[in-house]
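This report concerns only the one structure given below.
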Amino acid sequence: MKLLSAFRSSYLNRRGSTFRSLDPSSFDGAFIPKPSPSSIFWLAIHCLCCLISLILGFRFSHLVLFFLFSTSVTNLYTTTAGVSQLLQLKPSEKANVTAKSSRVVVGRHGIRIRPWPHPNPIEVMRAHQLLERVQKEQKSLYGVRRPRAVIAVTPTYVRTFQALHLTGVMHSLMLVPYDVVWIVVEAGGKSNETASFVGKSRLKTIHVGFDQKMPNTWEDRGKLESKMRIQALRIVREEKLDGIVVFVDDSNMHSMELFDEIQNVRWFGALSVGILAHSGNADELSSVLKTNQEGKPLSMPIQGPSCDSSGKLVGWHVFNTQPYATKTAVYVDDKAAVMPSKMEWSGFVLNSRLLWKESAVDRPAWVKDVNNLLDGNEEIEDGPLSLVKDPSMVETLESCGRNVLLWWLRVEARADSKFPPGWIIKSPLDITVPSERTPWLDSSSKLPVVTKEEKNNQPATEKRSGKPRGSKSKNNRGTQEPKTTRSRK
Amino acid sequence: MTNRSSLSAILLFLFFSASSAQHNVRTERISGSAGDVLEDNPVGKLKVYVYELPSKYNKKLLQKDPRCLTHMFAAEIFMHRFLLSSPVRTLNPDEADWFYSPIYPTCDLTPTGLPLPFKSPRMMRSAIQLISSNWPYWNKTEGADHFFVVPHDFGACFHYQEEKAIERGILPLLKRATLVQTFGQRNHVCLDQGSITIPPFAPPQKMQAHLIPPDVPRSIFVYFRGLFYDVNNDPEGGYYARGARAAVWENFKNNPLFDISTDHPTTYYEDMQRSIFCLCPLGWAPWSPRLVEAVVFGCIPVIIADDIVLPFADAIPWEEIGVFVAEKDVPELDTILTSIPTEVILRKQRLLANPSMKQAMLFPQPAQPGDAFHQILNGLARKLPHDGSVYLKAGEKVLNWTAGPVGDLKPW
Numbered sequence: 001m002k003l004l005s006a007f008r009s010s011y012l013n014r015r016g017s018t019f020r021s022l023d024p025s026s027f028d029g030a031f032i033p034k035p036s037p038s039s040i041f042w043l044a045i046h047c048l049c050c051l052i053s054l055i056l057g058f059r060f061s062h063l064v065l066f067f068l069f070s071t072s073v074t075n076l077y078t079t080t081a082g083v084s085q086l087l088q089l090k091p092s093e094k095a096n097v098t099a100k101s102s103r104v105v106v107g108r109h110g111i112r113i114r115p116w117p118h119p120n121p122i123e124v125m126r127a128h129q130l131l132e133r134v135q136k137e138q139k140s141l142y143g144v145r146r147p148r149a150v151i152a153v154t155p156t157y158v159r160t161f162q163a164l165h166l167t168g169v170m171h172s173l174m175l176v177p178y179d180v181v182w183i184v185v186e187a188g189g190k191s192n193e194t195a196s197f198v199g200k201s202r203l204k205t206i207h208v209g210f211d212q213k214m215p216n217t218w219e220d221r222g223k224l225e226s227k228m229r230i231q232a233l234r235i236v237r238e239e240k241l242d243g244i245v246v247f248v249d250d251s252n253m254h255s256m257e258l259f260d261e262i263q264n265v266r267w268f269g270a271l272s273v274g275i276l277a278h279s280g281n282a283d284e285l286s287s288v289l290k291t292n293q294e295g296k297p298l299s300m301p302i303q304g305p306s307c308d309s310s311g312k313l314v315g316w317h318v319f320n321t322q323p324y325a326t327k328t329a330v331y332v333d334d335k336a337a338v339m340p341s342k343m344e345w346s347g348f349v350l351n352s353r354l355l356w357k358e359s360a361v362d363r364p365a366w367v368k369d370v371n372n373l374l375d376g377n378e379e380i381e382d383g384p385l386s387l388v389k390d391p392s393m394v395e396t397l398e399s400c401g402r403n404v405l406l407w408w409l410r411v412e413a414r415a416d417s418k419f420p421p422g423w424i425i426k427s428p429l430d431i432t433v434p435s436e437r438t439p440w441l442d443s444s445s446k447l448p449v450v451t452k453e454e455k456n457n458q459p460a461t462e463k464r465s466g467k468p469r470g471s472k473s474k475n476n477r478g479t480q481e482p483k484t485t486r487s488r489k
Numbered sequence: 001m002t003n004r005s006s007l008s009a010i011l012l013f014l015f016f017s018a019s020s021a022q023h024n025v026r027t028e029r030i031s032g033s034a035g036d037v038l039e040d041n042p043v044g045k046l047k048v049y050v051y052e053l054p055s056k057y058n059k060k061l062l063q064k065d066p067r068c069l070t071h072m073f074a075a076e077i078f079m080h081r082f083l084l085s086s087p088v089r090t091l092n093p094d095e096a097d098w099f100y101s102p103i104y105p106t107c108d109l110t111p112t113g114l115p116l117p118f119k120s121p122r123m124m125r126s127a128i129q130l131i132s133s134n135w136p137y138w139n140k141t142e143g144a145d146h147f148f149v150v151p152h153d154f155g156a157c158f159h160y161q162e163e164k165a166i167e168r169g170i171l172p173l174l175k176r177a178t179l180v181q182t183f184g185q186r187n188h189v190c191l192d193q194g195s196i197t198i199p200p201f202a203p204p205q206k207m208q209a210h211l212i213p214p215d216v217p218r219s220i221f222v223y224f225r226g227l228f229y230d231v232n233n234d235p236e237g238g239y240y241a242r243g244a245r246a247a248v249w250e251n252f253k254n255n256p257l258f259d260i261s262t263d264h265p266t267t268y269y270e271d272m273q274r275s276i277f278c279l280c281p282l283g284w285a286p287w288s289p290r291l292v293e294a295v296v297f298g299c300i301p302v303i304i305a306d307d308i309v310l311p312f313a314d315a316i317p318w319e320e321i322g323v324f325v326a327e328k329d330v331p332e333l334d335t336i337l338t339s340i341p342t343e344v345i346l347r348k349q350r351l352l353a354n355p356s357m358k359q360a361m362l363f364p365q366p367a368q369p370g371d372a373f374h375q376i377l378n379g380l381a382r383k384l385p386h387d388g389s390v391y392l393k394a395g396e397k398v399l400n401w402t403a404g405p406v407g408d409l410k411p412w
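One line per chain: the protein sequences are C and L, in this order.
Going by UniProt numbering, the first residue of the first sequence is number 1, and it counts up by one from there.
Going by UniProt numbering, the first residue of the second sequence is number 1, and it counts up by one from there.
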């Protein structure tokens, strides 16, 4: 009975306004065999129940309304099962169980909503701390046992595309979750451009200059790069840096998994490198493919180790330069496909301890003693494999190079391309397309016509000490151009 | 002399602690109230005789609808197959400790795949009549050394609606038998005292196929995918899940720590592996396959179901593995979960990482040691030897064969 009245009063709470429309007598006649109560009594119940709902915060459902509108007594027992079950269940429950009776009942329950729905910021902080701690635990259990530092060796030189390449490398290295030492060897001496990138990276860096200038042919470039890398290895030996040496060429792209995978290297490892030999000239490429149609299918653009079925290293897969034989780029800005060398340095990683003078004892027999090389007494011949005596002992990473973790790419601009030093525009740019309407237009002058030749004359964003082309005071973006043109005029 | 013995004792102690510490680094041993029994081997501890029932009780049902093999009630079918080829099976019923009757009461499916339990009581009755008339073993004990697998919503009450199930109660003929069921709630009519609760069937291969490497960091705090309101049967809310799921939604739908929705993402299993807590609230029945999924994927189950009895409750210490939240405390769920000490959470994850824990929740094909089949047999073995009162004197009858609704008495 108490529950019934509670439900009724809850109904009153929700439908306070519509209550007045109800006829109290029919309301009572439905199920309460009492004479109709006075309105004061209802008012008191109403106030009491408002207070109760304020405290409890229950949300009462529409079914209560349905329940109250039903007139037959049988409806009472079938529609709102909760109430009836409560009345019926208790005796049968007690019959079955000798221990305490269940406090869990079938039927309609209120949906509990707390009054202040927003999360407590202290709890949110605590949850984030928990997440961090759990992740730390995961890392220690399943991640790399003893993470070693990554020593990235990058040969570079100042040119138009350097900003593009170095930004990519810098971002990749900044994301590496291990300690990074970035050794940048620059051809043509240290320059401010490179220094600004190196400085921005917030990594531990070593920036050295190399005295020769970068030559213009790809072949010579490759040779100089090898020399620059050896110079970097000399630095590793002198500074006694401890970690894994990775050859991060500035135009390559590296995945994050690469840096996780190289942690598994013991002495000297080989990876699969995806070779993206694209010249940017679609016609060239399709003609190359056409000539190859009759022959064998184009081989995989991969350079890397190749294993037999038992996982043992049996050979190397190199990029097939044959289809491109007549159409490779010789000069750096040739519009032809750029070929990789036989064995790219970026496909190999080594333990820096191999380079130390003192570790002659620990060094495995199949790796050459590089001290001679590093001292400058020898020349490096054909790529990184000349560092090992027995190439078959090289460790293969990522299940014998199954996954390609980095991509080799060579993209450079035209030889005569110029770019603003440091990519900072010091003096204002020339207008190539004037705006139609300008606020300072003289009524007597005409708008100049921009001809097509003008537009074609500016392939590179060059700073010209140019004169304005019969321009009136033109509106320019936030520079002092209008004033100067006017004055010059 | 004492020095040497104490020294050797110290050495022994160090050795044992070192070896156990090695084990504790990644996982911890699980021991429930029955002891360290998850890895027990039931072979040799009991003998089970499998009755030869006509195929209308088992094979024909499966042939009519092969979906019975993949839904969450498939445990009854796989248990039969397991027992047929298990070493605990005996062909001599006189030496058997337990008797199993291969009936599939949950294999009568609607077109959408939900099992209809309306004919199950009649099927059971007819099977038991067959058993009692063709073999003498039923009458010896009136079924007290027989066990049946009844994985439906409310076990042997054979109804999907809770009130109706409570009204019917456990089938009177099964009152003395041991029931192996997924439903478990304390002080409930449909849970008999001696029943063995088992996990619902979850397809092991499907879950294995979605495993991700364990070093992927867990970045979701609380995860749940499923219904909060059952709009078809209970549009108001408050009836479905006793209002608990609706309360979860209303309180935490805007909370960034709670990744809850009614989506059906294809990355459901992967997301569970990236979460710390997985909610396992009750639905129309208190049990759900979410518990199995959470355990397999290492996500701490947050069980919101009052008085629930979890699978193998005597072998697995669920209090130490999961978090129990009373339905009335759902609005404070975030406070509860964030106030659990870090060490406790790490310990729970270690317990969940224990492979024997994951094995115990699965029904792999073919059976592997430590899996749910073996846990069921272990549970049966723990109930041996049968109490003397189980055996009835000749001619004594306890069960009332005409009890129950009239519809049940019709032959099947």
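Ideal Cβ positions, reconstructed from N, Cα and C, are used throughout, including at glycine.
Report the rounded CA-to-CA distance for residue i versus residue j, giving the unit in angstroms.
{"i": "Glu239/C", "j": "Ser346/C", "result": "22 Å"}
{"i": "Glu225/C", "j": "Ala209/L", "result": "46 Å"}
{"i": "Asp220/C", "j": "Leu131/C", "result": "52 Å"}
{"i": "Ser219/L", "j": "Thr396/C", "result": "32 Å"}
{"i": "Ile262/C", "j": "Val349/C", "result": "7 Å"}
{"i": "Ile230/C", "j": "Leu257/L", "result": "51 Å"}
{"i": "Met393/C", "j": "Ser341/C", "result": "22 Å"}
{"i": "Arg402/C", "j": "Ser86/L", "result": "42 Å"}
{"i": "Gly188/C", "j": "Val208/C", "result": "10 Å"}
{"i": "Ser339/L", "j": "Ile122/C", "result": "10 Å"}
{"i": "Asn120/C", "j": "Trp318/L", "result": "29 Å"}
Please determine whether the Cβ atom of residue i lies at a distance below 7 Å from any heavy atom of the ligand ZN.
{"i": "Asp416/C", "result": "The ligand ZN is absent from the structure shown, which contains no ligands of any kind."}
For residue i, does the three-state DSSP call read helix, strand or coil?
{"i": "Gly32/L", "result": "strand"}
{"i": "Thr402/L", "result": "coil"}
{"i": "Cys299/L", "result": "coil"}
{"i": "Leu111/C", "result": "Note that residue 111/C is Ile in the sequence shown, not Leu. Coil, per DSSP."}
{"i": "Thr112/L", "result": "coil"}
{"i": "Glu142/L", "result": "coil"}
{"i": "Ser465/C", "result": "The predicted position of Ser465/C is uncertain, since its pLDDT is 41 and thus under 50; a value taken from the coordinates is nonetheless stated next. The answer is coil: DSSP assigns Ser465/C none of H, G, I, E or B."}
{"i": "Asp271/L", "result": "helix"}
{"i": "Arg202/C", "result": "coil"}
{"i": "Pro305/C", "result": "strand"}
{"i": "Ser395/C", "result": "Checking the sequence shown, residue 395/C turns out to be Glu, not Ser. Three-state DSSP puts Glu395/C in a strand."}
{"i": "Ser63/L", "result": "At residue 63/L the sequence reads Gln, which differs from the Ser that was named. Correct three-state label for Gln63/L: helix."}
For a contact meaning CB atoms closer than 8 Å, what does residue i contact in chain L?
{"i": "Tyr142/C", "result": "Pro213, Pro214, Asp215"}
{"i": "residue 491/C", "result": "Outside the displayed span of chain C (1 to 489) sits residue 491/C, for which this structure offers no information."}
{"i": "Pro119/C", "result": "Asn255, Pro256, Leu257, Asp334"}
My guess is that residue i and residue j are in contact by the Cβ rule of under 8 Å, so how many angstroms apart are they, rounded?
{"i": "Met124/L", "j": "Ile103/L", "result": "7 Å"}
{"i": "Glu167/L", "j": "Arg242/L", "result": "In fact, because the Cβ distance is near 18 Å, the residues do not count as touching under 8 Å."}
{"i": "Val236/C", "j": "Ala152/C", "result": "Actually they are not in contact, since the Cβ atoms of Val236/C and Ala152/C sit about 11 Å apart, beyond 8 Å."}
{"i": "residue 416/L", "j": "Ile111/C", "result": "Not covered by the structure: residue 416/L. The range shown for chain L is 1 to 412."}
{"i": "Leu406/C", "j": "Leu258/C", "result": "5 Å"}
{"i": "Ser352/C", "j": "Gly269/C", "result": "13 Å between Cβ atoms; not a contact."}
{"i": "Lys383/L", "j": "Gly194/L", "result": "7 Å"}
{"i": "Gly404/L", "j": "Leu352/L", "result": "With a Cβ gap of about 42 Å, Gly404/L and Leu352/L do not count as contacting."}
Interface residues of chain L around residue i at Cβ under 9 Å?
{"i": "residue 494/C", "result": "In the structure as shown, chain C begins at 1 and stops at 489. Residue 494/C is therefore absent and cannot be evaluated."}
Could you name the residues of chain C that residue i contacts, counting a contact when the two beta carbons are closer than 9 Å?
{"i": "Lys328/L", "result": "Arg112"}
What does residue i reach in chain C if we use C-beta pairs closer than 8 Å?
{"i": "Ile304/L", "result": "Going along chain C, no residue has its Cβ under 8 Å from Ile304/L, so there is no contact; the nearest lies around 12 Å."}
- Query: Listed in chain order, which residues of the segment 161-191 of chain L have Cβ atoms closer than 8 Å to some Cβ of chain C?
  - Reply: Glu162, Glu163, Ile166, Gln185, Arg186, Asn187, His188, Val189
- Pull out every residue of the segment 220-239 of chain L whose Cβ sits closer than 8 Å to any Cβ of chain C, in chain order. Phe221, Glu236, Gly237, Gly238, Tyr239
- Proximal residues, the segment 389-401 of chain C versus chain L, C-beta separation under 8 Å: none
- Along the segment 128-140 of chain C, what residues have a CB closer than 7 Å to any CB found in chain L? Leu130, Leu131, Arg133, Val134, Gln135, Glu137, Gln138, Lys139
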